[in-house]
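J.: Encoded as structure tokens, here's the structure I'll be asking about.
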Amino acid sequence: MNFFVVLDARRIRKMFFLTVAALLSLAVIWVEKDNLSVFAPHPPAAVYSVPTERKVVALTFDISWGEKRAEPILDILRNKNVKNVTFFLSSPWSKSHPDIVKRIVNEGYEIGSHGHKHDNYSSFPDAEIRKQISTAHGALSELTGKSPNLIRMPNGDFDKRVLRIADQMGYKVIQWDTDSLDWQNPGVDTIVRRVVGKAHPGDIVLLHASDSCKQTHLALPIIIDQLRAQGYEFVTVSQLLGQADTKGKTVEDRSAWNELA
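Position one of the sequence shown corresponds to residue 1 (the working numbering), numbered consecutively onward.
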């Protein structure tokens, strides 16, 4: 009698494990078939460019300090009839130069956040990252009348925590595929050659309108003319993001990006 009881118990256990295995297999097939994001979510990532066949590029200007360079650049954009440009503004600079911010707004350019303190956010604890983004958000919203949803981190620095927190706060982190190197003041010809030579459809170009960049306003008219001669149109970052259904060329952290550079 005990023999049959042991045998039945073994059969029950075997049937139980076979049933569980079958259910797990079905679950895996179901997840793979439907590709449900709840089971395999895509982590937030920074955007460097957008895949598109259209010859469009996004010129972007970071401003963190000074008042000598921004207005000459705005004059060039107006004279060249370039209406679609994105400026990433730090909040301390914006509060110190409300008239220039007002002009950027009035001339219809897109404004993104360049954060508050100009430091590496990846070195901050989570609470401080939130504080920096929130402080800049409040200042820019008040000065521009609009709530920005694009952010370029100071120094282009971020890690997965920064990306996650920015995403939770409603921001998309924007980087660049083409660095003009204008921040190094390498010479007008070098700046022009880097931008025009590296530009490609869906490109995001990094430029600056801070006082430390002394050659950008000299290179900009040539860049605009040469890119137009190649058939390029200028778009804002938001317009560029609308060019494709995908999120663009994205990388989760700067170390991964450096491997692609």
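We treat Cβ as the ideally placed atom computed from N, Cα and C, and that holds for glycine.
So, helix, strand or coil for ASP62, using DSSP?
T.: If DSSP states are grouped into helix, strand and coil, ASP62 belongs with the strands.
J.: Bridge partners for VAL57 per DSSP, in chain order?
T.: Paired residue(s): ASP203 and PHE234.
J.: Quick one: what's got a C-beta closer than 7 Å to PRO221's C-beta in the same chain, skipping five residues either side?
T.: Closer than 7 Å at Cβ, skipping near neighbours: ILE76 and LYS80.
J.: Inspect the beta-carbon positions of ARG69 and SER210 and report whether they are closer than 8 Å.
T.: It is a contact, given that the beta carbons lie within the stated cut-off.
J.: Please state the DSSP three-state secondary structure of ASP179.
T.: ASP179 falls in the strand class under three-state DSSP.
J.: Which residue or residues does DSSP assign as beta-bridge partners of LYS172?
T.: DSSP lists LEU150 as partners of LYS172.
J.: Within the continuous beta strand (DSSP E) that includes GLU71, where are the two ends?
T.: Looking at the DSSP string, GLU71 is not in any beta strand (DSSP E); the run it does join, the alpha helix (DSSP H), is 70 to 79.
J.: Quick one: what's PHE87 bridged to in DSSP?
T.: Partner(s): PHE61 and ILE111.
J.: Per DSSP, what kind of secondary structure is HIS116 in: helix, strand or coil?
T.: Looking at HIS116 - three-state DSSP - the assignment turns out to be coil, as it is neither helix nor strand.
J.: Can you check DSSP and say which residues form a bridge with HIS208?
T.: Beta-bridge pairing links HIS208 to ASP62.
J.: Might you give, ordered along the chain, the residues of its own chain that have their beta carbon closer than 6 Å to the beta carbon of TYR109, omitting 5 neighbours on each side?
T.: For TYR109, where only same-chain residues beyond five positions count, the Cβ hits under 6 Å are VAL85 and PHE87.
J.: Report the option in ALA219, ASP157, VAL205 and VAL196 whose CA atom is closest to the CA atom of ASN185.
T.: The residue with the shortest Cα to Cα distance from ASN185 is ALA219.
J.: Leaving aside the five residues before and after SER134 along the sequence, list all residues of the same chain whose C-beta is less than 8 Å from its C-beta, in chain order.
T.: Same-chain partners within the cutoff: MET169.
J.: Going by beta carbon distance, what residues of the same chain come within less than 6 Å of HIS116, once the five residues before and after it are set aside?
T.: Around HIS116: SER91, GLN132, THR135 and ALA136.
J.: Hey, could you find the ends of the alpha helix (DSSP H) LYS102 is sitting in?
T.: Element bounds for LYS102: 98 to 106.
J.: Is the CB-CB distance between ILE191 and ASP182 below 8 Å?
T.: The answer is yes: Cβ separation under 8 Å.
J.: Is the separation between the beta-carbon of PRO44 and that of LEU240 shorter than 8 Å?
T.: Result no, Cβ atoms of PRO44 and LEU240 do not sit closer than 8 Å.
J.: Measure the CB-CB distance between SER180 and VAL195 and report whether it falls below 8 Å.
T.: Yes.
J.: Since GLN243 and VAL50 should fall inside the 8 Å C-beta cutoff, what is the C-beta to C-beta distance between them, to a whole number of angstroms?
T.: Contact flag correct, Cβ pair sits at about 5 Å.
J.: Does the distance from the C-beta atom of LEU143 to that of SER113 stay below 8 Å?
T.: Contact: no.
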